[in-house]
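Those letters in the sequence shown? Residues 3 to 841, by this note's numbering.
Backbone N, C-alpha and C fix where the C-beta goes; we use that ideal spot for every residue, glycine too.
Please read all numbers here as calculations on a predicted model, not as lab measurements.
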Amino acid sequence: MLSLFEEKELPESQPEFSFADVILPVPIPRMFTYKIPRNLYSEIQIGARVIVQFGRKKILTGIIGKVHNKPPQAYEAKPILEVLDHQPSVNPLQIRFWAWMAEYYCCHIGEVMHAALPSGLRLSSESRIQVNPNFDKENSPYPLDEREEKILDALENQSELSYDDCEKVLGIKTIHPILKSLVTKEAILIFEKVQEKYSPKIETRIRLRSDLAHNKEALEELFAQLSGKVKQESILLKYLRDVPVFQKPELNEKGLDKSTLLEEGDSESSLKTLIKNGVFESFKVVVNRLEEIQPERTASELSPIQQEAVDSIKSQFEEKQTVLLHGITGSGKTEIYIRLIQEVLESGSQVLLLLPEIALTTQIVSRLQEVFGSQMGVYHSKYSDNERVEVWNGVLSGRFSFVVGVRSSLFLPFDSLGLIIVDEEHESSYKQFDPAPRFHARDAAIMLGYFHQAKTLLGSATPSFESYFNAQQGKYGHVELHQRFGDAQLPEFYLADLGADRRKNLLKVDSTRLLREKIQEALDKNEQILIYQNRRGYSPYVQCEDCGWTAECVQCDVSLTYHQFSEELRCHYCGYKEKVPTSCPACGSTQLSTKGMGTERIEESLSLLFPEARLGRMDLDTTRNKYGYQRILDEFGSGQIDILVGTQMITKGLDFGRVTVVGIWDGDRILNFPDFRAGERAFQQITQVAGRAGRRSVKGQVVIQTRNPEQDIYAKVIAGDYKNFFRVEMAERKQFYYPPFVKLIKITTRHADFKTAEKAAIALHREMAQIAVKKIVLGPERALIGRIKNQYQFESLIKLDRSGATQQEFKKRLAEILEELQARSEFRSVRWIIDVDPS
Ligand code: ADP
Ligand code: ZN
Ligand code: ZN
């Protein structure tokens, strides 16, 4: 890590830097400048945590982002109160990455810091202290002074203390130096109380008194003494069985986990007696939450085509930072990743593999774990904060040189990345939607790679148009794989015409005859079926047959989805729920009916149509808890489910050999997305879900139900004709100024009062129109969902020229405009949300 000064070279009278810019966890747009007091010169390092006063009363912990000699103009700089870290908590590359992110995505660097640090590492005035469980007062090389002793005594009675408590205990105001000294002596831990704190996992271990372990005779004598005391004797025997101290006395040092020792129903009290009599001693250690996993296999032999791809990627990396690996579903991209990862790890650099949220619990992780064992860290969004801190620390200590993770793993403290892989790079879930920073993990990965001088590999069967465009322009390298691994073939497609079946009276609860036949054939052959529908719940509308009334959310302008299982109407935007009405609130009619099919209803109707089949469902409702997703996948994998109905979740990276039929319940729903990306998305979704079929020797079949079988996009997906589809869509995007030909920024103006929201949106719009750069400003318009959680929303869309200078200038002016608008009393409580590169 880069330290700014060598202590020896520190000039006595003229310090090199007098000011430090500190990143604070508060919603202000910039870093704050503080004075560096003389006594702290030598400890100031970029990335170190410091304690500062903010405002009149608040004491905050921040991170040093920059040091310089420029006093702030608008205010008198206050001094830094204390430096908390000997070793910086974050490295300069991370700070550079944060600063880039704040600038590019128009947010505050404090917000980036907030997203970046696991809460266990954050600090604020709410910081608390506890005894470090590793601290051994008797044998500590660092003696404690009187005040330090007092703090530790206080911690005997109370397991944790706040800063205020410490001040009271000592009766003095400046406690930072004392606490810091205690941290240095490893006597205490400082943690954050606001959120779930990081607490190390502690194991109680038991070992023999050391002279007994090294002295056979003494031990034999002990046995003689214990004769007749059956319980104590059996504990001692168990210990000696697990820890053979006669042969290897040094093994006694590590001892045995207490729960292992007492496993076979031994009594705790016998052990206590043994400890009291000095036979055993008990001690505590901090253990890893993340279990150790040994590699089980070596990487697979690559096919000649895969090997060619690896060679091509490597040779293109010679010239380009980023390469797009465009390989059809089932072409074996994972094995290609494994090969590249191994080579980079051998060269001593770190590797990060990004996966979309949900794919993380799937097979790809276990496949990687088989090869890399616990050299590989997994950073999951469902991890507890404690587990996250352990991955963070594992990266710092070098335990994990390779991490597989969701988008937030970009913030881990890597210091020498050699390779970043973004799998399924087209996935829209890579974009953080809320809160800020609203970053796109693929784009941020490329930037992070640039800072580390690392290579970035983007993998997908259906690349995003942005990436494909960059590859075509020669900005990225490009490697294609057109064949599935082994003898697997791409599936056969069928378009099932919903309209025709309806006219011939062949529809049964919205299923076509063709789909039912394909499902039945697969069931007869004991094969598996996936049914895809992009909508959860039972049905998306409840409507009155007499007056046309529909149930809507009271807080948002959207219809409520009926969930049959819980007999509720729910809003998928704000979580609002209500009981299903028995009669129409508008006209009193009892003729209420449900319209449309969500996954819940599809599952129900399929179970009626195929009573012998075992059904499963995978959507947000069935996978809420940490292992829900895994459990359903395990059941499907082991053949306990014949038909799995699911949302987008089933499109991501599933690799099951017995899936032969994929049904797309409502193809039109996928196409009718009100967005310039609708076509691109539809192509991706259909191709990806279809790609789950026939991944081994049996050829797969895909049935798409639609009212418009003549739509051109179906023909293109079926032909796998990405290139032509891309060409046609791109011509349109060029003509109508859409990405990648321009950069988009979407600004949402939100307020509880309709008029205020509208007025603020118009004011912003006028100001933006004045910015003198090449751009088109559209709107403001009521958002697609005009009201959410009782907040009215207006949207402006800005199409910016792609040049870096234009973007910088626009963003700079935008920040000024918003600051100024926000200062007007009428707009004080208006919220503006800036989304750069909205997805
Ligand atoms: P993709 O990610 O491109 O859709 P996968 O990496 O999941 O494809 O590979 C498809 C299937 O082929 C998987 O079951 C995988 O285990 C198998 N496979 C791929 N490459 C090899 C290889 N070199 N040796 C053995 N099996 C392979
Ligand atoms: Zn009615
Ligand atoms: Zn709502």
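Going straight from the alpha carbon of residue i to that of residue j, what length do you get?
i	j	result
Lys68	Val24	7 Å
Arg32	Ile177	29 Å
Gln352	Leu184	33 Å
Val346	Leu421	7 Å
Lys777	Leu419	37 Å
Val779	Ile706	39 Å
Pro120	Ile720	45 Å
Ser317	Leu326	13 Å
Tyr566	Glu606	Looking at the sequence provided, one finds Gln at residue 566 rather than Tyr. About 10 Å.
Leu646	Leu673	23 Å
Leu357	Ile174	51 Å
Arg833	Ile65	27 Å
Ile180	Glu150	7 Å
Lys199	Ala117	With a pLDDT of only 47 at Lys199, under 50, the local geometry of the prediction cannot be trusted, and no value is derived from it.
Leu86	Val232	53 Å
Could you tell me if residue i is buried or exposed, where buried requires 16 or more neighbouring beta carbons within 10 angstroms of its beta carbon?
i	result
Tyr381	buried
Lys745	buried
Ile82	buried
Ser271	exposed
Arg341	buried
Ala473	buried
Lys182	buried
Cys573	buried
Ser798	buried
Asn254	buried
Gly806	exposed
Tyr144	exposed
Could you pull the start and end residues of the beta strand (DSSP E) that residue i belongs to?
i	result
Ser271	Note, Ser271: premise wrong, no beta strand (DSSP E); alpha helix (DSSP H) at 270–278.
Glu783	777–790
Ile715	Taken as a continuous stretch (DSSP letters only), Ile715 belongs to no beta strand (DSSP E), being part of the alpha helix (DSSP H) at 714–721.
Ser1	The question about residue 1 has no answer here: the residues shown for the chain are numbered 3 through 841.
His178	Taken as a continuous stretch (DSSP letters only), His178 belongs to no beta strand (DSSP E), being part of the alpha helix (DSSP H) at 178–186.
Met378	378–381
Arg698	No beta strand (DSSP E) contains Arg698, which DSSP labels as neither H nor E.
His88	First-last for His88: undefined, no H or E at that position.
Given 8 Å as the limit, tell me if residue i has its C-beta closer than that to any heavy atom belonging to ligand 3.
i	result
Lys791	yes
Gln707	no
Gln772	no
Gly577	yes
Cys109	no
Val560	yes
Could you please give the first and the last residue of the uninterrupted alpha helix (DSSP H) stretch that includes residue i?
i	result
Ala226	218–228
Asp636	630–639
Asp166	165–172
Phe685	680–692
Residue i: which of the options sits nearest, CA to CA?
i	options	result
Ala490	Arg537, Trp102, Gln703	Gln703
Asp213	Asp503, Ile338, Pro251, Thr206	Pro251
Asp499	Trp667, Leu459, Asp387	Trp667
Lys322	Tyr629, Gly451, Ala226, Leu42	Gly451
Ser541	Leu525, Ser561, Asp526	Ser561
Leu238	Tyr478, Lys506, Ala215, Glu337	Ala215
Ser403	Gly681, Lys701, Asp417, Val691	Asp417
Leu163	Leu191, Ala220, Gln772	Leu191
Val287	Ala118, Arg207, Arg626	Arg207
Phe743	Ser383, Asn134, Leu483, Asp839	Asp839
Glu429	Glu84, Lys152, Phe685	Phe685
Tyr77	Phe56, Leu802, Ala438, Phe487	Phe56
Arg671	Glu372, Gln47, Arg683, Tyr564	Arg683
Any chance the CB of residue i is under 8 Å from a heavy atom of ligand 1?
i	result
Gln308	yes
Phe282	no
Ser368	no
Glu314	The sequence shown places Ser at residue 314, not Glu. Not under cutoff, so the answer is no.
Ile422	no
Thr662	no
Ile153	no
Say the cut is 8 Å; is the CB of residue i nearer than that to a heavy atom of ligand 2?
i	result
Ala588	yes
Ser595	no
Ser591	yes
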